[in-house]
Amino acid sequence: MTTTAKTDVTATGAPNEIRMILLGRTGTGKSAFGNTILGQEIFDHDSNGDSVTKVCEPGTREFDGKRLFVVDTPGFLDTYMPEEQLHTEISKSYQMTARPGPHVFFIVLDPMARYTPQEYAAFSCVTDIFGPKVVDYTIIIFTNSDRLSQNGKTIDEYLKKLKDGPEHPLNKLLDRFKRRYLAVNNRVTPQEKNSVVKTLIHMINELLGTHGGQVYTNDAFEKLAHAIETAVSEGTYKPFNADGSFASQPQPEP
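So for the sequence shown, this note's numbering puts the first residue at 642; every next one is plus one.
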């Protein structure tokens, strides 16, 4: 297994590459889930629920003949970052995967956390940033499945028994993103984590099959991807600044 991170990696657009963007509220285990995919502690995370990821960070791994390219993003409702700055930073994740675009977006949730209508509304930033069709390329990831198991419940049973049923903010969020979801436990053995990764790859392949194998893009992002490819071919593309931070390209409007 080969794993690298941050300024050492960029998307290549190779046929065997799977490009993934991690999204989610602060404290849900989003970064830990990224580490589960990568098979190594690449992304910083805090078990206390405090926000650690302040900028978009990439990591990659070779797995079963695939190059897994993962971008971690700052958490929604990050109390340390103004909303406009947060949205701008999250949008950089597309630039990182714009050769030629991401295969999937993972929205990472803790099913047992408190969800209010206001927090549900916060997830509208996903479509605000990436465009309305992003819902067709999104899979919901529920972390902490071990806590559900300790209570003798599966994720399906838990969702059915939520107060307010289909009107519960969590069920409404699932409906919005086509009810594609998977429950995972980030605190398992490497072998079990590899099994999760195989399941994810299968789900991604099924998802792409509904789109004729096409990755996610829209008109604005296609222009961005073309500009990046042109810079790469001319040898002028510099994805990172001197300080190691990701170099922001002009932002298209979804």
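Beta carbons are placed, not taken as given, at the ideal position from N, Cα and C, and that holds for glycine.
Your pair Phe710 and Arg666 does not check out as a contact, with CB atoms roughly 23 angstroms apart and the cut at 8 angstroms. For the pair of segments examined, the region 649–664 was found to touch the region 734–749: the number of CB pairs separated by less than 8 angstroms reaches three. The beta-carbon distance between Asp751 and Thr651, rounded to whole angstroms, is 31 angstroms. This is too long to meet the 8 angstroms contact definition. According to the DSSP assignment, Pro699 belongs to the beta strand (DSSP E) that extends over 698–704.
Annotation: the continuous beta strand (DSSP E) that includes Glu658 extends over 658–665. Boundaries of the beta strand (DSSP E) around Ile782: 779–783.
Taken in chain order, the complete beta strand (DSSP E) segments of 3 residues or longer contained in the region 729–803 are 745–750, 779–783. In this structure, Ile780 lies near Val745, with their beta-carbon atoms less than 9 angstroms apart. For Phe710, the enclosing beta strand (DSSP E) starts and ends at 707–713. Within the region 843–881, the complete alpha helix (DSSP H) segments at least 4 residues long are 860–875, listed from N- to C-terminus. Of Arg702, Glu730, Phe704, the smallest CA-CA separation from Thr694 is found for Glu730. Beta-bridge analysis with DSSP links Leu815 to no other residue.
In this structure, Arg708 places its C-beta atom within 9 angstroms of the C-beta atom of Ala655. Beyond the five residues adjoining it in sequence on each side, Asp787 comes within less than 6 angstroms, by CB distance, of Asn826 in the same chain, given in chain order.
Rounded to whole angstroms, the Cβ separation of Thr653 and Val837 is 24 angstroms, and the two are not in contact under 8 angstroms. For Leu811 and Val767, the gap between their C-alpha atoms comes out near 16 angstroms.
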